[in-house]
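Report on one structure; see the data block that follows.
Protein chains: 2
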Amino acid sequence: MSDVLLSPEAAIHQLQWRYAVKKFDSSKIIPDATWTALEQSLVLAPSSFGLQPWKFFVVKNPEVRSQLLEHSWNQAQVVDASHLVVLAIKKDMNDTDVDRYIARQAEVHGTTVDALAGYTGMIKGFMGRNTNVDNWSSRQVYIALGQYMTTAAMMGIDTCPIEGFIAPKYDEILGLAALGYAAIVVCPAGYRSAEDKYATMPKVRFATDDVVAYI
Amino acid sequence: MSDVLLSPEAAIHQLQWRYAVKKFDSSKIIPDATWTALEQSLVLAPSSFGLQPWKFFVVKNPEVRSQLLEHSWNQAQVVDASHLVVLAIKKDMNDTDVDRYIARQAEVHGTTVDALAGYTGMIKGFMGRNTNVDNWSSRQVYIALGQYMTTAAMMGIDTCPIEGFIAPKYDEILGLAALGYAAIVVCPAGYRSAEDKYATMPKVRFATDDVVAYI
Chain G
1 MSDVLLSPEA
11 AIHQLQWRYA
21 VKKFDSSKII
31 PDATWTALEQ
41 SLVLAPSSFG
51 LQPWKFFVVK
61 NPEVRSQLLE
71 HSWNQAQVVD
81 ASHLVVLAIK
91 KDMNDTDVDR
101 YIARQAEVHG
111 TTVDALAGYT
121 GMIKGFMGRN
131 TNVDNWSSRQ
141 VYIALGQYMT
151 TAAMMGIDTC
161 PIEGFIAPKY
171 DEILGLAALG
181 YAAIVVCPAG
191 YRSAEDKYAT
201 MPKVRFATDD
211 VVAYI
Chain P
1001 MSDVLLSPEA
1011 AIHQLQWRYA
1021 VKKFDSSKII
1031 PDATWTALEQ
1041 SLVLAPSSFG
1051 LQPWKFFVVK
1061 NPEVRSQLLE
1071 HSWNQAQVVD
1081 ASHLVVLAIK
1091 KDMNDTDVDR
1101 YIARQAEVHG
1111 TTVDALAGYT
1121 GMIKGFMGRN
1131 TNVDNWSSRQ
1141 VYIALGQYMT
1151 TAAMMGIDTC
1161 PIEGFIAPKY
1171 DEILGLAALG
1181 YAAIVVCPAG
1191 YRSAEDKYAT
1201 MPKVRFATDD
1211 VVAYI
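Taken in sequence, the protein lines are chains G and P.
Final position of the first sequence in my numbering is 215; the numbers increase by one with none missing.
Final position of the second sequence in my numbering is 1215; the numbers increase by one with none missing.
This is how it looks when you write it as structure tokens:
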């Protein structure tokens, strides 16, 4: 298995290589096999209790992407990148969602829902005490965002996380509201343009000693 | 550069290999070079505006880790794993923090704070309109968590994200409150124990078609 692992030096190299792309090369498309890995980085992302309080909308239709542009502070990455992912939460996660997850767990692990009753009750108890479930779900979505961008970087694929968009407009245009989902963050993926001058600017980070402390 | 990249197949393999470790092998320690890459996955994590509203506390002292155990629902990963990271937000991010970041940007990019006045004003305007800055900072921390766990997986290092801990107790024991930080999420890293039966259980995820939609 060790032949598939990334070395620490390669990991640091790719983390340094990554930046928030300002201008994508709209002529370059992510190959299918590479996209499958990115799709799986979302599907396989960890979440609290494994509940997966999310759905990922990949917008391929160019006309729809054009409509989103004006609700994205005209950030051209939304239309130029190979792929555009809108990461959404399932709104108002409740006992029904927990039951759906537990049913899936029983299916995957070859057991019964009854056998998982203790775990089900524990999750429902937590959810019942959670005073802002949508916010908790949103944090989980940011784990998926992180896993997706990092997986992309390790494969040499560019991304640009975008919080600057009008979420209610996205929900309306993509039909998310009707489905019970809400857009939280957007992330195009593809290839940086040779003209993007931000690609070669030094990354601005505080010194390691300023953000990492050892106790 | 292509020799340092991960193939899509290897990426999927490692994402499948990753799971939330229940029992770490306390005898195995992450080598220094590998830890450096993990440390940098935190330092180099993307954040909104690049503001880095965070600090990462690596708890090495065994006595302190023992103290944290009872405030972590006795989850033994907190004491058994090679490394324990507490991901914290800088509380109440304000104009002073923005100024600190802009000063760093001017330093790294070899320009002046005055030349960045427009960008500074834009960020401060956003922060001023943000009605829950700590929550926004917390979401950024979850990006760092995702990048850290994914980088670990790609290098064959195990992790276990933990939300189940008493944050005020962590803040007190680690002295975070006095520094203006607050613990948000915890993530031990190391090596799975051969006795952890969860390692071989099939991962419970909804079907790809149920969580990824193409528009």
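Glycine is no exception: its CB is placed at the ideal position from the N, C-alpha and C atoms.
Predicted model, so just to flag it, every value in this text is computed and none were measured.
Residue i at chain P interface by Cβ criterion, 9 Å
{"i": "Glu163 of chain G", "result": "yes"}
{"i": "Val98 of chain G", "result": "no"}
{"i": "Gln75 of chain G", "result": "no"}
{"i": "Pro46 of chain G", "result": "yes"}
{"i": "Arg104 of chain G", "result": "yes"}
{"i": "Leu69 of chain G", "result": "no"}
{"i": "Leu6 of chain G", "result": "yes"}
{"i": "Ala144 of chain G", "result": "yes"}
{"i": "Phe227 of chain G", "result": "Since the first and last residues shown for chain G are 1 and 215, residue 227 of chain G lies out of range."}
{"i": "Thr151 of chain G", "result": "yes"}
{"i": "Ala33 of chain G", "result": "yes"}
{"i": "Gly60 of chain G", "result": "Reading the sequence as shown, one finds Lys at residue 60 of chain G and not Gly. Closer than 9 Å to some Cβ of chain P, the Cβ of Lys60 of chain G qualifies, so yes."}
{"i": "Val108 of chain G", "result": "yes"}
{"i": "Met154 of chain G", "result": "yes"}
{"i": "Glu39 of chain G", "result": "yes"}
{"i": "Gly50 of chain G", "result": "yes"}
{"i": "Phe129 of chain G", "result": "Per the sequence shown, the amino acid found at residue 129 of chain G is Arg instead of Phe. No - not a single Cβ of chain P is within 9 Å of the one on Arg129 of chain G."}
{"i": "Lys55 of chain G", "result": "yes"}
{"i": "Ala115 of chain G", "result": "no"}
{"i": "Ala20 of chain G", "result": "yes"}
Host beta strand (DSSP E) of residue i (start-end)
{"i": "Val141 of chain G", "result": "Run containing Val141 of chain G: none in the beta strand (DSSP E); it sits in the alpha helix (DSSP H), 133-155."}
Continuous alpha helix (DSSP H) stretch holding residue i: start and end
{"i": "Val211 of chain G", "result": "208-211"}
{"i": "Ala45 of chain G", "result": "Premise fails: Ala45 of chain G is in no alpha helix (DSSP H) and is neither H nor E."}
{"i": "Pro168 of chain G", "result": "167-173"}
{"i": "Leu179 of chain G", "result": "176-179"}
Backbone secondary structure at residue i - three-state DSSP
{"i": "Asp1196 of chain P", "result": "coil"}
{"i": "Tyr19 of chain G", "result": "coil"}
{"i": "Ile1235 of chain P", "result": "Summary: the structure shown does not reach residue 1235 of chain P, with chain P confined to residues 1001 through 1215, and so no result is reported for it."}
{"i": "Lys28 of chain G", "result": "coil"}
{"i": "Tyr1191 of chain P", "result": "coil"}
{"i": "Lys203 of chain G", "result": "coil"}
{"i": "Ile215 of chain G", "result": "coil"}
{"i": "Ile1162 of chain P", "result": "strand"}
{"i": "Met1 of chain G", "result": "Residue confidence is low: Met1 of chain G scores 44 on pLDDT, short of 50, so the model does not pin down where it sits. Its coordinate-derived value is still stated next. Residue state, collapsed to three classes: coil."}
{"i": "Gln1052 of chain P", "result": "coil"}
{"i": "Leu38 of chain G", "result": "helix"}
Residue-level contact to chain G via CB, residue i, 9 Å cutoff
{"i": "Thr1120 of chain P", "result": "no"}
{"i": "Glu1009 of chain P", "result": "yes"}
{"i": "Ala1194 of chain P", "result": "no"}
{"i": "Leu1042 of chain P", "result": "yes"}
{"i": "Pro1188 of chain P", "result": "no"}
{"i": "Thr1036 of chain P", "result": "yes"}
{"i": "Val1064 of chain P", "result": "yes"}
{"i": "Tyr1191 of chain P", "result": "no"}
{"i": "Ile946 of chain P", "result": "Not covered by the structure: residue 946 of chain P. The range shown for chain P is 1001 to 1215."}
{"i": "Asn1094 of chain P", "result": "no"}
{"i": "Ser1137 of chain P", "result": "no"}
{"i": "Lys1028 of chain P", "result": "no"}
_Which runs of the beta strand (DSSP E) at least 3 residues long sit entirely within the stretch 1057-1123 of chain P? Give them in chain order._
With a minimum length of 3 residues, the continuous beta strand (DSSP E) runs that stay inside the stretch 1057-1123 of chain P are 1083-1090.
*Meets three-Cβ-pair contact criterion under 8 Å: the stretch 100-109 of chain G and the stretch 56-75 of chain G*: No, the stretch 100-109 of chain G does not touch the stretch 56-75 of chain G.
_Quick check: the stretch 1044-1052 of chain P against the stretch 1153-1163 of chain P, are at least 3 beta-carbon pairs closer than 8 Å?_
no
*asked:* For the structure I just gave you, are there three or more beta carbon pairs, one from the stretch 113-129 of chain G and one from the stretch 199-207 of chain G, closer than 8 Å?
replied: Segments in contact, no.
*Three or more C-beta pairs closer than 8 Å, one from the stretch 84-91 of chain G and one from the stretch 124-131 of chain G: is that the case here?*
no
*Using 8 Å as the Cβ pair cut-off and three pairs as the minimum, do the stretch 174-184 of chain G and the stretch 51-66 of chain G touch?*
yes
*Would you say the stretch 1128-1144 of chain P touches the stretch 1019-1026 of chain P, given that touching needs at least three Cβ pairs under 8 Å?*
no
*Can at least three beta-carbon pairs, one atom from the stretch 24-32 of chain G and one from the stretch 184-199 of chain G, be found at a separation below 8 Å?*
In short, these stretches touch, since the Cβ pair count reaches three.
*Taking any Cβ of chain A, which residues in the stretch 198-215 of chain G have a Cβ under 9 Å from it, in chain order?*
Protein chains G and P are contained in the structure displayed, whereas chain A is not.
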